[in-house]
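Residue numbers (UniProt numbering), protein chains in the order written: chain R, 1 to 192; chain U, 1 to 118.
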């Protein structure tokens, strides 16, 4: 790579530069950032190592076709959506319909980003004051996992060992618990 | 207690290839492990990716696969870029040739008119 500062450029800046000069080195930097994530994502949906490897390259080629048609603001959310749609198409082609995955694929990643943007505007200290009340609102599984993770700094595996839940359940309880907590605290801070 | 929750809504950057590989191979310290899992709780992409990566049998091969995919992708892109440049060059040569031909024709026509006037 002839551009030593390229690693510090944002995803959008790299895309803009590629659009301007067509130099594939900019895409190389993006590849280093996202390829392993796309490989994992494709593996999750396609459940086949070879298909997942092929898909990473195809998704990048698709992204490069699409970047000229769209004004991308949140590259991460966008590439996530492109990759999920690509996997869905592959599954359709091979007639492997997995209902749960289809539901997940339809969930727009952009909404999560918007949620994060909203969260930025919330007074953190004000929210933290009501943490105890928020935790009481969660169900017992979520509250236990959130406390063990954030308060006791336990790893997913340790929480699974303590509680007897599976690793996937622990991950899900933490993610959902955090989301519910955020919703409760946002509501609380809007009221006050 | 609230201080322990201070980082609950903190946003962290997406996980790098090295961090993901270290996580998959169990090489992270307690603090690093917590940092990764804290990010997973927030980031749908990284969370999905880790789930898929954990299902790969020979995890140590992942960096080699990625290097290979990148090499093939870059080769394709350079080829495409080269083709585009070549096409642009042909178009430029064609335009310049046309302009020169028009100029030559105009010069010839002016000379012809001048001679006819004499």
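C-beta atoms are modelled at their ideal positions from N, C-alpha and C, and glycine is treated no differently. Note that the coordinates shown come from a computational prediction; the quantities given were computed from them, not determined experimentally.
Inset, instruction - Can you give me the Cβ contacts of residue 148/R inside the same chain, cut-off strictly under 8 Å, excluding the 5 residues immediately before and after it? - result: 154, 158, 159, 162, 163
Inset, instruction - Have a look at 10/R, 17/R, 187/R, 50/R and flag the residue whose alpha-carbon is nearest the alpha-carbon of residue 137/R. - result: 187/R
Inset, instruction - Would you mind stating whether residue 34/R and residue 26/R have Cβ atoms separated by less than 8 Å? - result: no
Legend entry - Other residues of its chain near residue 23/U: CB distance less than 6 Å, five sequence neighbours each side excluded: 36
Legend entry - Nearest residue (CA-CA) to residue 52/R, options 90/U, 65/U, 43/U: 65/U
Legend entry - Stretch-stretch touch, CB-based, cutoff 8 Å, three pairs: the segment 60–76 of chain U with the segment 35–55 of chain R: yes
Legend entry - Nearest residue (CA-CA) to residue 177/R, options 146/R, 169/R, 167/R: 146/R
Inset, instruction - Figure out for me which residue from 58/R, 59/R, 57/R, 47/R has the closest Cα to the Cα of residue 54/U. - result: 47/R
Inset, instruction - Would you mind sorting residue 150/R into buried or exposed? The rule is 16 or more other CB atoms within 10 Å of its CB. - result: buried
Inset, instruction - For the alpha helix (DSSP H) holding residue 48/R, just list the boundary residues, first then last. - result: Looking at the DSSP string, residue 48/R is not in any alpha helix (DSSP H), and its letter there is neither H nor E.
Legend entry - Where residue 108/U sits in the DSSP three-state scheme: helix
Inset, instruction - Between the Cα of residue 12/R and those of 85/R, 89/R, 45/R, 64/R, spot the shortest distance and give me the residue it belongs to. - result: 64/R
Inset, instruction - Quick one: list the residues of chain U neighbouring residue 43/R, beta-carbon separation under 8 Å, in chain order. - result: 52, 53, 55, 56
Inset, instruction - Could you spell out the range, first to last residue, of the alpha helix (DSSP H) harbouring residue 70/R? - result: That residue, residue 70/R, is in no alpha helix (DSSP H); it is neither H nor E in DSSP.
Legend entry - Within chain R, partners of residue 47/U - CB distance below 8 Å: 171, 175
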